[in-house]
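A.B. asks: Here's a structure for you.
Protein chains: 2
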Amino acid sequence: MAATETLTAERILEATEEVLRRHGPAKATVVDVARALGVSHGSVYRHFRTKAALREAVTKRWLDRTSEALDGIAGDGSRDPETRLRDWLAALFTAKRRKAGDDPELFATYSVLAGEQVGAVAEHIDELTEQLTRIVADGVAAGAFHSEDPAVSARAVFQATGRFHDPAYAGEWDRAEADADFAAAVDLLLRGLRA
Amino acid sequence: MAATETLTAERILEATEEVLRRHGPAKATVVDVARALGVSHGSVYRHFRTKAALREAVTKRWLDRTSEALDGIAGDGSRDPETRLRDWLAALFTAKRRKAGDDPELFATYSVLAGEQVGAVAEHIDELTEQLTRIVADGVAAGAFHSEDPAVSARAVFQATGRFHDPAYAGEWDRAEADADFAAAVDLLLRGLRA
DNA sequence: CGAATGACAGATATCAATATCTGTCATTCA
DNA sequence: TGAATGACAGATATTGATATCTGTCATTCG
Numbered sequence: 001m002a003a004t005e006t007l008t009a010e011r012i013l014e015a016t017e018e019v020l021r022r023h024g025p026a027k028a029t030v031v032d033v034a035r036a037l038g039v040s041h042g043s044v045y046r047h048f049r050t051k052a053a054l055r056e057a058v059t060k061r062w063l064d065r066t067s068e069a070l071d072g073i074a075g076d077g078s079r080d081p082e083t084r085l086r087d088w089l090a091a092l093f094t095a096k097r098r099k100a101g102d103d104p105e106l107f108a109t110y111s112v113l114a115g116e117q118v119g120a121v122a123e124h125i126d127e128l129t130e131q132l133t134r135i136v137a138d139g140v141a142a143g144a145f146h147s148e149d150p151a152v153s154a155r156a157v158f159q160a161t162g163r164f165h166d167p168a169y170a171g172e173w174d175r176a177e178a179d180a181d182f183a184a185a186v187d188l189l190l191r192g193l194r195a
Numbered sequence: 001m002a003a004t005e006t007l008t009a010e011r012i013l014e015a016t017e018e019v020l021r022r023h024g025p026a027k028a029t030v031v032d033v034a035r036a037l038g039v040s041h042g043s044v045y046r047h048f049r050t051k052a053a054l055r056e057a058v059t060k061r062w063l064d065r066t067s068e069a070l071d072g073i074a075g076d077g078s079r080d081p082e083t084r085l086r087d088w089l090a091a092l093f094t095a096k097r098r099k100a101g102d103d104p105e106l107f108a109t110y111s112v113l114a115g116e117q118v119g120a121v122a123e124h125i126d127e128l129t130e131q132l133t134r135i136v137a138d139g140v141a142a143g144a145f146h147s148e149d150p151a152v153s154a155r156a157v158f159q160a161t162g163r164f165h166d167p168a169y170a171g172e173w174d175r176a177e178a179d180a181d182f183a184a185a186v187d188l189l190l191r192g193l194r195a
């Protein structure tokens with residue numbers, strides 16, 4: 001029985017996600033989470049020192065799902081770097097667009113949380129940029145790319161494609177021009193990277 | 001004497017800007033503007049049909065100041081396209097950064113207004129993109145740039161540099177890495193454009 | 001004895017009553 | 001006669017009294 005299972009951080013995070021989905025970021029309370037689990041809110045505070053810590057943990061969890069999905073593409077050293085870079089960027093854009101399109105309210109909720117958790121987001125961006133750096137470095141090693149410093153180039157590529165992954169632009173992702181804009185951006189950046 | 005001058009749209013816009021500076025976008029009212037001018041609010045409605053129209057006009061005015069400043073660089077056909085493109089992007093970044101840094105509250109106010117006036121902003125972006133297109137087209141004509149379609153490339157360059165002109169990123173502009181990031185972005189994009 | 005509770009103080013949010021604002025228009029003023 | 005006014009209705013914002021929430025901790029429970 002779910003209700004008699006021991007109270008773990010993981011179960012609290014699941015309940016928190018559910019409460020956030022139902023109530024939105026502004027109205028989701030720790031009391032709501034406790035109610036959903038059938039425990040007192042004091043028990044939740046045993047696992048998370050503050051409400052902010054709980055929100056941070058649930059945000060990290062969400063961000064990590066994106067990072068993990070992309071890591072496979074970044075790490076696949078057997079494929080040629082240009083294709084890998086194109087695939088990685090396309091996968092990032094597609095994933096974000098799907099999340100935003102499938103459940104706009106939950107996406108908006110997590111966008112608000114991400115806005116609060118600047119630190120967690122910075123870490124997430126670092127992770128993604130490291131994945132990009134790996135691809136660029138592989139490309140340089142293979143003679144396919146030119147770059148003075150793969151980390152700098154990767155950062156530039158990530159920032160230049162912000163329009164296609166930053167939640168601030170989510171409203172533009174279903175516009176008719178989005179795909180053409182994305183293709184033009186990737187083509188221009190890859191021309192810039194090629195040896 | 002100012003108080004006895006005829007009431008013109010221009011004078012109303014000046015007063016509106018002042019009221020916005022003082023009260024911010026949320027609390028600035030048409031009544032405030034009328035009070036600042038020493039007239040009844042009915043008189044303001046003679047020149048602007050709605051409060052939204054007044055806000056749109058004052059926003060356009062603000063956006064146009066940026067466009068005009070950059071038009072000189074874009075139109076100077078005597079200088080080489082690569083330098084002109086670098087200068088144009090640097091001028092845009094510098095102008096935005098200065099506005100945001102010198103008077104953060106007014107900048108935040110206008111950012112809110114820009115968020116409301118989607119149409120006016122779209123026109124402004126079209127203008128800037130046309131200026132960029134002129135530079136890219138000149139570069140292609142001179143054999144310095146490669147581009148299938150200068151308008152598409154210009155759009156890609158503008159979007160890729162969004163981090164350095166979109167008010168959503170204003171908070172990042174005074175970070176230590178901003179200049180290095182900008183340089184890396186411009187270098188990468190110019191490598192992509194060169195013939 | 002460690003996990004869970006629930007009462008509590010201070011901080012934050014909600015709600016309904018009140019005040020202000022937007023947009024109109026018949027009237028005044030120069 | 002055309003520009004300006006100010007009273008007005010409906011919509012929006014402010015306020016202050018009330019309810020809920022956050023975070024703690026002495027106590028209970030298994």
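For the protein sequence lines, the chains are A and B, in the order given. Counting from 1, one number per residue, gives the positions in the first sequence under UniProt numbering. Counting from 1, one number per residue, gives the positions in the second sequence under UniProt numbering. In this text, a Cβ means the ideal position worked out from N, Cα and C, and glycines have one as well.
For the alpha helix (DSSP H) holding Q131/B, just list the boundary residues, first then last.
C.D. replies: Where Q131/B is concerned, the enclosing alpha helix (DSSP H) stretches over 118-141.
A.B. asks: With the cut-off set at 8 Å, would you say A95/A and A69/A are in Cβ contact?
C.D. replies: Yes; because the gap between Cβ atoms is below 8 Å, this pair is in contact.
A.B. asks: Let me make sure I understand the geometry here. Which of D80/B, A154/B, V118/B, E172/B has the alpha-carbon closest to that of G143/B?
C.D. replies: Ranking D80/B, A154/B, V118/B, E172/B by Cα distance to G143/B puts D80/B first.
A.B. asks: Just curious, the alpha helix (DSSP H) that V39/B is in, first and last residue?
C.D. replies: Segment: none, V39/B is in no alpha helix (DSSP H) and carries neither H nor E.
A.B. asks: By the DSSP assignment, the alpha helix (DSSP H) with F158/B in it spans what residues?
C.D. replies: Unbroken alpha helix (DSSP H) run through F158/B: 150-160.
A.B. asks: Could you give the residue range of the alpha helix (DSSP H) that holds E5/B?
C.D. replies: It is not in any alpha helix (DSSP H) - E5/B carries neither H nor E in the DSSP assignment.
A.B. asks: Does G119/B come within less than 8 Å of chain A when only Cβ atoms are used?
C.D. replies: Cβ-Cβ to chain A under 8 Å: no for G119/B.
A.B. asks: Step through the CB atoms of chain A and report whether any lies within less than 8 Å of the CB of L188/B.
C.D. replies: Yes, contact with chain A.
A.B. asks: Below 8 Å between beta carbons: does that hold for A194/B and I135/B?
C.D. replies: This sequence places Arg at residue 194/B; Ala is not what is there. Not a contact, by the Cβ cut-off of 8 Å.
A.B. asks: Per DSSP, which residues does F145/B bridge with? Please list them.
C.D. replies: DSSP lists R194/B as partners of F145/B.
A.B. asks: Tell whether a beta-carbon distance below 8 Å holds between G192/B and R163/A.
C.D. replies: No. Outside cutoff.
A.B. asks: Rounded to a whole number of angstroms, what is the C-alpha to C-alpha distance between L106/A and D71/A?
C.D. replies: Rounded to whole angstroms, L106/A to D71/A spans 24 Å at the Cα level.
A.B. asks: Return the residue from the list A184/A, E10/A, K60/A, E130/A that minimises the CA-CA distance to S153/A.
C.D. replies: Residue E130/A is the option with its Cα nearest to S153/A.
A.B. asks: Got a sec? Which residues, its chain only, sit under 6 Å from V121/B by beta carbon, not counting five neighbours each side?
C.D. replies: Cβ neighbours of V121/B beyond the five flanking positions: A114.
A.B. asks: Can you tell me which of the three DSSP states D76/A falls into?
C.D. replies: In the structure shown, D76/A sits in coil (DSSP, three-state: anything other than H, G, I, E or B).
A.B. asks: Between which two residues does the alpha helix (DSSP H) containing G24/A stretch?
C.D. replies: Its alpha helix (DSSP H) spans residues 9-27.
A.B. asks: Taking Cβ positions only, does V39/A come closer than 8 Å to chain B?
C.D. replies: No - not a single Cβ of chain B is within 8 Å of the one on V39/A.
A.B. asks: Which same chain residues end up closer than 6 Å to K99/A when comparing Cβ atoms and leaving out the 5 residues on each side of it in sequence?
C.D. replies: Taken in chain order, the residues that qualify are F107.
A.B. asks: To the nearest angstrom, report how far apart L190/A and S40/A are at their CA atoms.
C.D. replies: Cα to Cα, L190/A sits roughly 55 Å from S40/A.
A.B. asks: How many angstroms separate the CA atom of W173/A from the CA atom of Y169/B?
C.D. replies: W173/A and Y169/B: Cα-Cα distance of roughly 18 Å.
A.B. asks: Under the three-state reduction of DSSP, which class applies to W173/A: helix, strand or coil?
C.D. replies: Of the three classes helix, strand and coil, the one that applies to W173/A here is coil, per DSSP.
A.B. asks: At which residues does the alpha helix (DSSP H) containing A90/B begin and terminate?
C.D. replies: It spans 81-102 - the alpha helix (DSSP H) in which A90/B sits, taken as one unbroken run.
A.B. asks: Tell me the rounded alpha-carbon separation between T6/A and L63/A.
C.D. replies: Going from the Cα of T6/A to the Cα of L63/A covers about 26 Å.
A.B. asks: So Q159/B contacts chain A; which residues on that side make the cut at Cβ distance below 7 Å?
C.D. replies: Result: R163, D181, A185.
A.B. asks: For S43/A, would you say it is in contact with chain B, using Cβ-to-Cβ distances shorter than 8 Å as the test?
C.D. replies: No, its Cβ sits nowhere closer than 8 Å to a Cβ of chain B.
A.B. asks: Contact between the region 16-34 of chain B and the region 178-185 of chain A: three or more CB pairs below 8 Å?
C.D. replies: Cβ pair count under 8 Å is below three, so no.
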